[in-house]
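S.K.: So for the sequence shown, the working numbering puts the first residue at 466; every next one is plus one. Ideal placement from N, C-alpha and C gives every residue a C-beta, glycine not left out.
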Amino acid sequence: MRDSISKNFNSKNVKELGKISCQFSFVIEKDGIFTDVKSIGKNESFNREIIRTIKGINVKWIPAQKDGRIVKYLFICPLTMFLR
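1. Please list, in chain order, all residues of the same chain as I535 whose beta carbon is under 6 Å from its beta carbon, the five residues on each side excluded.
2. Less than 9 Å between the beta carbons of M546 and S490, yes or no?
3. Compare the C-alpha of N512 against each of V479, F499 and D501 and name the closest.
4. Indicate the three-state DSSP secondary structure (helix, strand or coil) for F540 in the structure shown.
5. Would you identify the three-state DSSP class for R549, choosing helix, strand or coil?
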């Protein structure tokens with residue numbers, strides 16, 4: 466996922482430079498498709514670019530399992546970048 470983010474992220478869409486952090490999340494559905502992409506952080510342009518970047522990743526995930534049954538899973542990840 467790190468490679469996909471770095472390849473698809475466009476720093477020109479972010480208004481501020483320097484150290485920027487957020488926490489992004491998405492739901493991995495039972496069929497491996499991800500939905501409900503969100504980003505929380507102080508820099509709104511960075512949040513929008515992370516959401517755009519994550520939505521552009523064309524990957525089907527292996528769904529989570531609990532007690533042998535496939536379940537939806539909320540994936541949460543902190544992210545910090547240094548933009549120049």
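M.R.: Short version:
1. K495 and P528
2. no
3. V479
4. strand
5. coil
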